[in-house]
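Q:
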Amino acid sequence: MDLRNILIGFGVALTCFAFQSCSEDEKGGYTPVNYNVNGKVEKGPFVSGSTIDIQPMDANMQPLGSIYSSTISDNTGSFSFGSKEFETPFAQLKANGYFFNEVDGQLSRGTLTLMAVVNLADQSTVNVNILTHLKYKRIINLTRQNKSYSDANKQAQKELLTAFGLQRFQDVDVSQYSITTGSDQAGALLAISSLLLVDRSEAVLTEYLAKLSEEFGQEGKFSETSLQQIKKDRNKLNSKLPSIASNVVSRYNSLGQTVSVKDLAYFFDWNDDGIAGNEIAGNDTPVTLETSRITVPKEGGEYSIKINTSIPLTLTPTESNTDHITANDLFDKLYETPGLSSMKVEKALENNVLKVNIKPSASRRNVTDSVAIYDFRDQKVAILTISQEGDPSAPLPKLGQAGVQVFSMYASSLSEAITNSNTLEAKYSGVATDPAFRAPLSSSNGKVNDIFSKYYQAINRNLTLLEADATRESAYPDFLNTFNAICYYNMVVYWGGVPYLTTVPDLNSLYLPRSSEKDIFHALTSNLETAISKSDEKKNQFATSDLNDLLFVSKDVARVILANIHMYQGEYTKAKSLLAKVVSNNFYQLESTTSYTPTSKELILGLFNTPILTYTDVLLSLAECEAHLGNDAAALNYLKMVTRAKGIAETSGVITGIKEARKIALTDQVGYFAFLKRNGLAKSELKLEDYQLLFPIPQREIDLNPGMTQNPGY
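Read in order, the letters of the sequence shown are residues 710 to 1423 in this note's numbering.
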């Protein structure tokens, strides 16, 4: 390209009106020459009205003669001094003003000063920018060490661009760089300008530039502290590069000028190897794996995968851009053993070979994980997917800190719901006297609303733990489903069909309609049968501070709840089989007391001081089953076991005897109302009308849920 094209391309003209040669030896013997100096000041471009001064200098970079002043003539940073006489070709330029902030995409809030020192005889452009500013003090210091301007400038140019890994651009003086050209040099200038500006105010930028200029001016390099800061800023800037380019293009478009911007990523030394842009994956530098998926047995194993690549790669992205950074997970400590559901993988990258060592699985489930490979700009360029078989024989994990917290909240909610239900039931069925809580009940009754809400609070907390476990080990569904069955069974007894939740409610499930009793019992039966097949045959311990002893309920707990469901539906043969197994286990013993504590030998399930299932209840239910199946002798035998142990007077008639025994021996336990209903005694005993066999749906639920319907009669 000839001189005319160069000058047009960079928008700067330096015209030497000389009466004799301008090529003196830089150390003296200069003849005054007129120069017509113009150019651009760019950080982003300085705005119209900014000031610029030019100070003639001697060969030793000492001020010489008068200062000429001018202003920026437009918003692209253009300036012109017109024709001025200089005794030497050396000059210092100083620009001050507001500028376009290419990182934020708006005008600066404060001013900035940029410097440059140039040899006008070189016919080089005299653009003033960040790079000329950083080079300025270095040139002055080198010339004062008896180097010629030419040698000092070349050395400073090389040192500066090398510091940023941009040495391939050192042949073009940085005073010729302009953002508007769309060239590689323009990309380099914009990249470094943005790098030094990111997250800094104008005042902080001024201070930072002074520090960098001083360091570079003295040593021709930056301090280790500054280099570390540059790396941090580089990584911080990574995600902003597309928007920076867009901001520049938009700014010049608004000024009526079309500019293009190179891919700025190629002007940063991402891997600190001293060369910018040689470490980025793209269409010309694809990265492929020999295989992208491996399947690993539960015992683990070592694997090597070849990588086809022409660029350096890493397994560790910078901290600021890693996609492994996530919000705090409430359930990180769901289990006592940390990382139980995570694959244990050791990985290394050597000579374009990915080596992975997968440890034996600690999970009961199959686990899938991946190893990501990055270029040094943090672009994910390849992924190895690893699937490892689980170990179903691994012991069930105990609750960790988060698991204990949620289960404790659930157990408290369920205990409160059961306790309040027992109080409500005793009053409604006349076991306890309370005229204010007898039929007919109002749908606005606060106690009815409270118990309804407590059951759903317990269910929601149960489902929260269930969902967290399902995405990890899926270790607890049988136990949690067993507990949920208690809630739903009691709610069906009190209200009939209710909304049946299988997930924690969200916006799509806030207004679920009521499920039928049949559908709810079908779901509960399926869950309980599965729980019976998978739970342990044991007696639970409830006199403990370890909530794991409460969570891991036995087969007998599921059996008794399922037997209650069968009896409520008149399926006494099925119920008898389940209850007989509980008796034959010989885990429990009758006691004379009718009050139950966590240490009671009768206790099958209890939460804190709330008995839920007892051996007395099992024997009375067995007596009921035998009576309905026509086995009066067997029924009477089970009934007498209870009445004799508790000192309860015997009555004529098995069902009547069971009713009286329940009123006396199970006053701390929910179940009397269900017994009366399934045996057709509720209406006569409690003087109820048909509709009063169910409680009213709380009016609040009717008001909030368009899908909810009220029970007939209310």
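Note that CB positions come from ideal geometry on N, CA and C, so glycine has one too.
Quick check for students: name the residue ranges of the beta strand (DSSP E) that lie wholly in the stretch 1382-1410, counting only runs of 3 or more.
A: Within the stretch 1382-1410, not a single complete beta strand (DSSP E) segment reaches 3 residues in length.
Q: Please report the residue range of the beta strand (DSSP E) in which Asp762 lies.
A: Thr760 to Met766
Q: Grab me the residues of Glu1226's own chain with a C-beta within less than 8 Å of its C-beta, minus the 5 sequence neighbours each way, in chain order.
A: Val1201, Gly1205 and Gly1206
Q: Between which residues of its own chain and Thr1128 is the CB-CB distance below 6 Å, once the five residues before and five after are set aside?
A: Thr1319
Q: Rounded to the nearest angstrom, how far is the Cβ of Lys971 from that of Ala895, given a contact under 8 Å?
A: Yes, they are in contact, since the Cβ atoms of Lys971 and Ala895 sit about 7 Å apart, within 8 Å.
Q: Strictly by DSSP, which residues pair up with Ser754?
A: Just to set this straight, residue 754 is Pro in the shown sequence, not Ser. Answer is Glu751.
Q: Of all the options Asn855, Tyr845 and Ala1194, which has the alpha carbon lying nearest to the alpha carbon of Val883?
A: Tyr845
Q: As an exercise, report each continuous alpha helix (DSSP H) stretch of at least 4 residues that is fully enclosed by the stretch 895-935, in chain order.
A: For the stretch 895-935, the continuous alpha helix (DSSP H) assignments of 4+ residues that do not extend past its boundaries occur at 911-928, in sequence order.
Q: Within a Cβ cutoff of 7 Å, which residues of the same chain sit near Ala954, ignoring the five residues on either side of it in sequence?
A: Val970 and Leu973
Q: Within 10 angstroms of the Cβ of Gln1378, are there 16 or more other Cβ atoms? Answer buried if so, exposed if not.
A: It is buried - the Cβ of Gln1378 has at least 16 other Cβ atoms within 10 Å.
Q: Just to confirm before moving on: does the CB-CB distance between Lys1450 and Asn836 stay below 7 Å?
A: An answer regarding residue 1450 cannot be provided, because it is not within the stretch 710 to 1423 covered by the chain.
Q: Whose C-alpha, out of Ala912, Ile839 and Glu916, is nearest the C-alpha of Gln885?
A: Selected option, being the one with the closest Cα: Ile839.
Q: Which residue marks the beginning of the beta strand (DSSP E) containing Ile888, and which one marks its end?
A: Careful: Ile888 lies outside any beta strand (DSSP E) and carries neither H nor E.
Q: What residue range is occupied by the uninterrupted alpha helix (DSSP H) comprising Leu1260?
A: Leu1256 to Leu1260
Q: Quick one, which of Asp767, Ser1361 and Thr797 has its alpha-carbon nearest Tyr744's?
A: Thr797
Q: Would you call the stretch 1265-1280 and the stretch 1302-1312 in contact, with 3 or more CB pairs under 8 Å?
A: no
Q: Compute the Euclidean distance between the alpha carbons of Thr1023 and Ala900, then round it to the nearest angstrom.
A: 23 Å
Q: Could you check the C-alpha separation between Val1065 and Ser1079 for me, to the nearest Å?
A: 11 Å
Q: So, helix, strand or coil for Pro951, using DSSP?
A: helix
Q: By how many angstroms is the C-alpha of Val1054 removed from the C-alpha of Leu998?
A: Taken atom to atom, the span from the alpha-carbon of Leu998 to that of Val1054 is near 18 Å.
Q: Taking the alpha helix (DSSP H) that Ser1130 belongs to, which residues open and close that run?
A: Looking at the DSSP string, the run of the alpha helix (DSSP H) that includes Ser1130 is Gln1110 to Tyr1137.
Q: What residues match up with Glu794 in a beta bridge as DSSP calls it?
A: Asn743
Q: As a quick exercise: from Gly758, Phe1230, Pro1069 and Ala897, pick the residue whose alpha carbon is nearest that of Ser789.
A: Gly758
Q: I'd like the span of the beta strand (DSSP E) that includes Thr1094, first residue to last.
A: Lys1089 to Gln1097
Q: For the alpha helix (DSSP H) containing Ser1330, name the first residue and the last one.
A: Tyr1324 to His1337
Q: Since Gln764 contacts Ala800 with CB under 8 Å, what's their CB separation in whole angstroms?
A: With a Cβ gap of about 6 Å, Gln764 and Ala800 count as contacting.
Q: Which two residues bound the contiguous alpha helix (DSSP H) that contains Leu869?
A: Tyr858 to Ala872
Q: Starting from the C-beta of Glu751, find all residues in its chain whose C-beta is less than 6 Å away, skip the five residues before and the five after it, and write them out in chain order.
A: Gly786, Asn838 and Ile888
Q: What residue range does the alpha helix (DSSP H) around Ser679 cover?
A: Outside the modelled stretch of the chain, which goes from 710 to 1423, sits residue 679, for which no answer is possible.
Q: Could you pull out every residue in the same chain whose Cβ sits closer than 6 Å to the Cβ of Lys1042, ignoring the five residues on either side in sequence?
A: Gly1109, Gln1110 and Ala1111
Q: Determine which residues share a DSSP beta bridge with Asn810 and list them.
A: Gln815
Q: Between Gln927, Leu1271, Asn1060 and Ile939, which has its C-alpha nearest Glu1238's C-alpha?
A: For Glu1238, the nearest C-alpha among the options comes from Leu1271.
Q: For Phe788, which three-state DSSP category applies?
A: strand
Q: Hey, how far is the Cα of Glu733 from the Cα of Met766?
A: Note that Glu733 scores 41 on pLDDT, short of 50, meaning its location in the model is unreliable; the coordinates nonetheless yield the value given after this. Rounded to the nearest angstrom, the two C-alpha atoms are 15 Å apart.
Q: Suppose you measure from the CA of Thr967 to the CA of Phe977; what does that come to, to the nearest Å?
A: 25 Å
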